[in-house]
Each structure stands twice: as C-alpha cells, then as structure tokens.
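S.K.: Residue numbers (the working numbering): 1 to 489.
Just passing along the structure, written as structure tokens.
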Amino acid sequence: MGWLFKSKQKAAPIGKWDLASPLLQWTDGAPWTIGDACQGTQIFGSTGSGKTTGSLSAICRAFLQAGFGGLFLTAKREDAATYTGYVRDAGRMNDLLVFSPDNQLRYNFVDAELRGDGGAVGLVENLTALLMTVTELGDGKNGGGRDSERYFRLEGTRLARNGLLALVLGRERVTVPDLHRLITSAPASPEHVQSLEWQRGSFCFQCLQAADKASKNESQRADFDLALTYFLNEWPSLSSRTRSVVQSTLTSATDLLSRGAARDMLSSPTPNISPAMCYDGAIVIADFPVLVYRDVGQLIQVILKFCWQRAHSRRDVAANPRPTFIVADESHLLVVDADQTFQTTARSTRTAVVYATQSISTYLDAFGSQAEPKVHTLLGNLQTQIYHQQTDIRTIQYTQEVIGRSRQFVMSGNSSRDGDGLASLFGGGESGASSGFSEIYEFELQAGDLNSLAKGGPPHWMTEAIVYQGGRRFPNGRTWLPVQLTQKR
Ligand SMILES: Nc1ncnc2c1ncn2[C@@H]1O[C@H](COP(=O)(O)OP(=O)(O)OP(=O)(O)O)[C@@H](O)[C@H]1O
Ligand SMILES: [Mg+2]
C-alpha cells in the first residue's frame, strides 16, 4: 500500500529559513518552529499573569535571534524601551528603526498602495478597504453589527470608492485631505447639481470634471460612469440624515488623517520606510503607544499593521524568504476585521503574528456587536495558544473546550446511614456504604488548574503557562503542555 512506503532518502539538513527550523524549545523534545510561528499565536492571561515578561518575551527574543525582520506595535509607554532591550540583547541594533515623532522615519500609505500591483483600480479598492478599516475603530462599541449600522457602512464604502475613483482619474496625486474636501463638497440636493454657483464652488464637481476629461480605458470609463451617477443622482437623493451619518463615518477618519501626527507620519511627501524593508531584516517599533496617544496612536498603528499585512500578502517568498513578525501586546486595542482575513494567509506569506491580551472578554468588547463569530474566526487562525493564569470565566470555558475532554477515572462513593446524629459520624449506628471507580468524560483542565498558574515576580521570576498547538500532541502524550518561562535573562 502506497501510504506505507517509507523514503530511504536521507533527510535534507534544515535551512535557516525552513519552516521546520526550530525557534525555541517549550521543553526538551518540544520545539516550536518557524512554521508553527507563521500559523499565528495568541497569548491569554489575566493582568499580571506573566504574558509580557514570560511568553511574549521568549517569543520576541527567539524571532530576533533567528534574524526575523518585523513590526512591534505598542500599547504602553514603556513598550518601545522593552522591545529595544530585546533588540539590543540580540545584537541587532543596526536593524532597529523607531517610528515616532522624534525620529526621521516617515511613511506614505497612499504612495505605498499606488506602487502596489493593482493599478488605479487596485489603488481605489485598497484605499477604500483601508479607510473602512480605520472607521471601524470609531464604531467598535457603537453596535457596528446592527442592520442600520451595516447599511451606513456599505454606503460609506460606496462614498469612499467613488470619491477615490474621481481623485485617481482626475488628479495627479491622491491625498487624504483632497478626499476629505471632495466628500464635504459633494452635492447636498438635486438642485445643487443644477446650480452654477454650486458647480463653481465645489471641489467634488471640479474633480468629476477633471476625471471626465482625463483619458480612460474601457473599464475605467465604466467605473467612472458609475461614480458620476452616484454623485450626481444617488448621493443628492439620499435623505439628509442618511447623508450626514454616511459622510461623518468617513470624515471623522479623513479629518484625523489630515492633521497633526497622523498626517506627518503617514502622508509624508518624503517617505523613507516600507514593509519591504522587513524582508531584509529591518525591525520597526511603532512608538505611538495607544495608552498614551489614544485614538491617534490606534489610528497610526492600525494603518501600519494593515499596510504591513497587505504588503506581506503580496510578498514573493521565493525571492524574500526571511520570515517577518507582527507583534501586538494588548492586542484588543488594535484588532480589526481585516486581521481575520490576513490570518488565513499568514502562513504562506511567512508572517508570524503574535497577539497578547487578557481574555476573550477583552476581545469581545473590542469587536463590538457581532463580535463572537469574529473573535472565533480570529482565534481559529491563531494555531499556537498560550494560556497564563486566568480568572475570566469565558476564557476558562474557551480554554477547556479547545483542549477538550478525556476519559478519566474518578472515585465514587455513596453511603446510607440508619443512625442519626453524632454517633453515626463517629462510627456508631447502622450504616451501609459502597465505593469504587467510575469512568467519566471530563475536561482535561479544570478552572482551578488555570487559576492557580504561577504569575511570576520575585523571588523566582518564573511564570507558568499552558501551551496548546492545533493538531499537535506533545511528548507528554497530551494536546497541551505545561511550561515554565523565566522572566529574567
Ligand atoms: N519589575 C518587576 N518587579 C516586580 N515584579 C514584577 C516586575 N515585572 C513583572 N513583575 C511581576 O511579574 C508578573 C507578570 O508581569 P507581566 O507584566 O509579565 O504580566 P502581564 O500578564 O503582561 O500583565 P498585563 O496584562 O498587566 O500587561 C506580575 O505579577 C508582576 O508582579
Ligand atoms: Mg503585559
């Protein structure tokens, strides 16, 4: 039978970037490989349970030692210093790029998408997706899953797409402030469209005119006809309430992107950083910690993450085989819908994504309504899961379900007493008892097991966790492995 055939060829030596190359050993005989890392990692643990100083630290150091390039996203003020320490310890300070207002690095996400391979249509679609991702940040907790909200998001997508198309066809450069101007000068009524005064004063109208005159291929002509119908007929016919909700969905993002740090860092006329630099080993720290910079920090880092993911999914791994990482501690502050999509392809793009957050509950909160399926899709594509000490019931139940049940023997006993009172307890009175073992199917891990894992700190500086990898059986014969991780190096 074919499947019994065993090759007599000697196994080839494992190359540096081979997926089978080990990054670290959980315990003796339990390696974690590049291939494992590229299938995504989720770390869970209550606050102070040892995520940052235990498992995340071990993983980041392993990536750096192995020579990965990558992107560190930040949440707390001290994160950049922590990651810089890891880079220094790995002897890779020459590869370090800190993306912050105090440094010279600047990005331009529009230019980056323009250089992508999709041409004008690709640019429109990619920028539309990026803008809609950014608008998620604002409405995560506002019931983003209700039907009415979905309708507004769909309309927002149409507005962004048609506006961007008019800009791409009609102007030499596409900028976010121009998109903002176009959206805010779109006709507010059918009368506007006919009015010469509106036509003269409207940037939207000027862009449509310029796009109309510009030379276009057949497909662009067809797309532009749709954009023209949209702006001159459909948009002005919407009710004013609908128009204002749809418009503000987009303008809150375009406004934030058009000013201050977000504009300077992400729409620079002289960009000098790109995701492709990570294929050559660059290590980028996005030093805009969300807990310091709030919505601007979130916006800048979500856009970087999105653009890095986009570029990585286009990467030719034969030409650029060096694996890269994207690390986000306190990941609930930075997750968006696009992360689930990227995660389904991360392995083939050799991108090792690592997220750490307290619990399922923090994720559910971050995704807003309709969160449950989104969280489970994301987690389903993060194949290594590390569970530190946990008190959140939902996460405990989730962990129990993931790890599953096994046949276990429990001692059972029952007794009946005829006598009453103290005498029977002390052995007096008539009694009958039976006991023995019975077999039950029970969760392998009990809540108490997860609750009592060591959090670390002095004097031992050792934190405990349980490692699970989808489809893997560890040397202990189980699908999960208890590990101890040092916090001091
Ligand atoms: N510098 C330190 N001094 C004393 N104890 C520390 C120090 N750093 C970490 N610890 C201890 O180690 C444990 C784990 O800390 P760590 O920061 O890794 O937790 P965490 O899971 O990342 O928490 P959080 O969700 O709050 O970020 C904590 O209980 C903390 O008390
Ligand atoms: Mg932490």
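Ideal Cβ placement from N, Cα and C applies to all residues, glycine included.
All values reported here derive from a predicted model rather than from experimental measurement.
Inspect the CB distances between the stretch 364 to 371 and the stretch 339 to 351 and report whether three or more fall short of 8 Å.
M.R.: no
S.K.: Within its chain, find whatever has a CB closer than 8 Å to the CB of ASN142; leave out the 5 residues flanking it on each side and keep chain order.
M.R.: In the sequence shown, the residue the question calls residue 142 occupies position 142. Confidence at ASN142 is low in this model, with a pLDDT of 45, below 50, so the placement of that residue is unreliable and no value is reported for it.
S.K.: For the alpha helix (DSSP H) that TRP308 lies in, which residues bound it at each end?
M.R.: In the sequence shown, the residue the question calls residue 308 occupies position 308. Unbroken alpha helix (DSSP H) run through TRP308: 290 to 314.
S.K.: May I ask whether a heavy atom of ligand 1 can be found less than 7 Å away from the beta carbon of HIS376?
M.R.: As a working mapping, residue 376 is identified with position 376 in the sequence shown. Because no heavy atom of ligand 1 lies under 7 Å away, the Cβ of HIS376 does not count as near it: no.
S.K.: Helix, strand or coil: how does DSSP classify PRO482 here?
M.R.: On the sequence shown, residue 482 is found 482 positions in, with the first residue counted as 1. PRO482 falls in the strand class under three-state DSSP.
S.K.: In terms of residue numbering, what span does the alpha helix (DSSP H) encompassing ALA356 cover?
M.R.: Within the sequence shown, the letter at position 356 stands for residue 356. Element bounds for ALA356: not the alpha helix (DSSP H) but the beta strand (DSSP E), 351 to 357.
S.K.: Measuring only the C-alpha atoms, how far is PHE426 from PHE409?
M.R.: Residue numbering aside, residue 426 sits at position 426 when the sequence shown is read from its first letter. Residue numbering aside, residue 409 sits at position 409 when the sequence shown is read from its first letter. At PHE426 the pLDDT is 37, less than 50, meaning the model places this residue with poor confidence; the figure from the coordinates comes in the next sentence. Rounded to the nearest angstrom, the two C-alpha atoms are 29 Å apart.
S.K.: Give the single residue among GLN65, LEU64, ILE283, ARG115 whose Cα lies nearest to the Cα of PHE99.
M.R.: Position 99 of the sequence shown, counted from the first residue, corresponds to residue 99. Nearest C-alpha to PHE99: ILE283.
S.K.: Using DSSP bridges, identify the partner residues of PRO31.
M.R.: One-based indexing of the sequence shown puts residue 31 at position 31. The partner list for PRO31 (beta bridge, DSSP) reads GLN25.
S.K.: May I ask you to check if the CB of THR41 is nearer than 7 Å to at least one heavy atom of ligand 2?
M.R.: Looking up residue 41 in the sequence shown gives position 41. Incorrect: THR41 has no Cβ contact closer than 7 Å to ligand 2.
S.K.: Between which two residues does the beta strand (DSSP E) containing PHE72 stretch?
M.R.: As a first step, residue 72 must be located in the sequence shown, where it is residue number 72. Segment 69 to 73, the beta strand (DSSP E) holding PHE72.
S.K.: Given this structure, state the Cα-to-Cα distance separating THR52 from THR270, to the nearest angstrom.
M.R.: Position 52 of the sequence shown, counting from 1, holds the residue named residue 52. Position 270 of the sequence shown, counting from 1, holds the residue named residue 270. About 35 Å.
S.K.: I'd like to check one pair, THR133 with PHE288: are the Cβ atoms closer than 8 Å?
M.R.: Mapped onto the sequence shown, residue 288 falls at position 288. Mapped onto the sequence shown, residue 133 falls at position 133. No, the pair does not count as a contact, with Cβ atoms beyond the cut-off.
S.K.: Less than 6 Å between C-beta atoms, sequence neighbours within five positions excluded: which residues of the same chain meet that for GLY50?
M.R.: Here residue 50 refers to the residue found at position 50 when the sequence shown is read from its first residue. HIS388, LYS455, GLY456, THR463.
S.K.: The alpha helix (DSSP H) with GLU218 in it runs from where to where?
M.R.: Against the sequence shown, residue 218 aligns to sequence position 218. Looking at the DSSP string, the run of the alpha helix (DSSP H) that includes GLU218 is 218 to 229.
S.K.: Can THR74 be considered in contact with ligand 2, in the sense that its beta carbon sits closer than 7 Å to one or more heavy atoms?
M.R.: The residue you call residue 74 lines up with position 74 of the sequence shown. The answer is no for THR74.
S.K.: Please determine whether the Cβ atom of HIS388 lies at a distance below 7 Å from any heavy atom of ligand 1.
M.R.: In the sequence shown, residue 388 corresponds to position 388, counting from 1. Flag set: Cβ of HIS388 near ligand 1.
S.K.: Taking the DSSP output, what are the residues bridged to GLU464?
M.R.: Position 464 of the sequence shown, counted from the first residue, corresponds to residue 464. GLU464 is bridged to GLN484.
S.K.: Which value, in whole angstroms, describes the spacing of the CA atoms of GLY15 and PRO482?
M.R.: Residue 15 sits at position 15 when you count from the first residue of the sequence shown. Residue 482 sits at position 482 when you count from the first residue of the sequence shown. Roughly 29 Å between the two C-alpha positions.
S.K.: What separation, rounded to the nearest whole angstrom, lies between the Cα atoms of ALA338 and SER406?
M.R.: As a first step, residue 338 is located in the sequence shown; it is residue number 338 there, counting from the start. As a first step, residue 406 is located in the sequence shown; it is residue number 406 there, counting from the start. ALA338 and SER406: Cα-Cα distance of roughly 36 Å.
S.K.: Quick check on DSSP: helix, strand or coil for ARG569?
M.R.: Since the displayed the chain opens at 1 and closes at 489, residue 569 lies outside it and no answer follows.
S.K.: So, helix, strand or coil for ASN233, using DSSP?
M.R.: To locate residue 233, count along the sequence shown from 1; it is residue 233. Taken through DSSP and simplified to helix, strand or coil, ASN233 comes out as helix.
S.K.: Look at ASP392 and SER55 and say whether their C-beta atoms are less than 8 Å apart.
M.R.: Mapped onto the sequence shown, residue 392 falls at position 392. Mapped onto the sequence shown, residue 55 falls at position 55. No, these two residues do not count as a Cβ contact at 8 Å.
S.K.: What residue does the alpha helix (DSSP H) around THR41 start on, and which one ends it?
M.R.: Translated into the one-based positions of the sequence shown, residue 41 becomes position 41. Not the alpha helix (DSSP H): THR41 falls in the beta strand (DSSP E), residues 41 to 44.
S.K.: Would LEU127 pass as a contact of GLU113 if the rule is Cβ separation under 8 Å?
M.R.: Working through the sequence shown from its first residue, we reach residue 127 at position 127. Working through the sequence shown from its first residue, we reach residue 113 at position 113. It is a contact, given that the beta carbons lie within the stated cut-off.
S.K.: Please go through the same chain and pick out, in chain order, the residues whose beta-carbon is closer than 6 Å to the beta-carbon of GLY470, but skip the five residues on each side of it.
M.R.: Walking along the sequence shown from the start, residue 470 turns up at place 470. Once the five neighbours on either side are set aside, the close Cβ partners of GLY470 are GLN383.
S.K.: From the DSSP output, in three-state form, read off GLU155 for me.
M.R.: Stepping through the sequence shown from its first residue, residue 155 is reached at position 155. In this structure, GLU155 counts as helix in the three-state DSSP scheme.
S.K.: Just checking: is the beta-carbon of PRO101 within a distance shorter than 8 Å of some beta-carbon in chain D?
M.R.: Here there is only one protein chain, and chain D is not present.
S.K.: Return the residue from the list ALA222, THR479, ARG173, ALA465 that minimises the CA-CA distance to ASP111.
M.R.: Here residue 111 refers to the residue found at position 111 when the sequence shown is read from its first residue. ASP111 has its Cα closest to that of ARG173, out of ALA222, THR479, ARG173, ALA465.
S.K.: Using 7 Å as the cut-off, classify the Cβ of ASP392 as near or not near the heavy atoms of ligand 2, replying yes or no.
M.R.: As a working mapping, residue 392 is identified with position 392 in the sequence shown. Because no heavy atom of ligand 2 lies under 7 Å away, the Cβ of ASP392 does not count as near it: no.
S.K.: With DSSP as the reference, label PHE474 as helix, strand or coil.
M.R.: For this step, residue 474 is matched to residue 474 along the sequence shown. PHE474 falls in the coil class under three-state DSSP.
S.K.: Indicate the three-state DSSP secondary structure (helix, strand or coil) for ILE285 in the structure shown.
M.R.: Counting from 1 along the sequence shown, the entry for residue 285 is found at position 285. ILE285 falls in the strand class under three-state DSSP.
S.K.: Does the distance from the C-beta atom of ALA20 to that of THR33 stay below 8 Å?
M.R.: By 1-based counting over the sequence shown, the position of residue 20 is 20. By 1-based counting over the sequence shown, the position of residue 33 is 33. Against a cut-off of 8 Å, the Cβ pair of THR33 and ALA20 comes out as a contact.
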